[in-house]
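The opening residue of the sequence shown carries number 851 in the working numbering; numbering runs sequentially from there. Where is the CB? At the ideal position from N, CA and C, for every residue including glycine. Everything numeric in this text was worked out from a predicted model, so none of it was measured.
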Amino acid sequence: MFSTGIRANSELAEDAKIKVSPHGIVINERLQTSIPNIYACGDCIEIKEILTGKKVQSGYGTQADREGHIAGINIAGAMKPLWGW
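What follows is the structure, encoded as structure tokens:
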């Protein structure tokens with residue numbers, strides 16, 4: 851078994867007029883999308899690669915877990931940034 855890559859399914863976001871790039875849903879450092887009070891996390895988002903600073907698709911399960919945790923904290927009212935943003 852092997853993986854040959856992933857592609858974000860951003861159709862719902864596009865239909866909702868949320869800003870999307872070729873790498874996925876565009877978020878800020880707190881996982882907020884271009885529409886207030888809408889958050890995104892997991893392999894459908896575009897993140898900044900920590901070593902190069904390039905925008906890439908988030909594609910790891912452990913990263914998605916962390917993003918979900920931070921998104922939940924921020925939805926509850928905190929202002930916690932995504933690590934490495």
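I'd like the list of long-range same chain contacts for E864, defined as Cβ closer than 7 Å, with 5 residues on each side in sequence excluded. V870
Segment contact flag, the stretch 876-896 with the stretch 921-933, C-beta cutoff 8 Å, min 3 pairs: yes
Which one of E879, K867, A928 has the shortest CA to CA distance from I900? E879
Expressed to the nearest angstrom, what Euclidean distance is found between the alpha-carbon atoms of G909 and A928? 25 Å
Beta-carbon separation of Q882 and D893 under 8 Å? no
Grab the span of the beta strand (DSSP E) containing E879 for me, first residue to last. Unbroken run through E879: none, as it is neither H nor E.
Just to confirm the assignment, what range does the beta strand (DSSP E) spanning I897 have? 895-898
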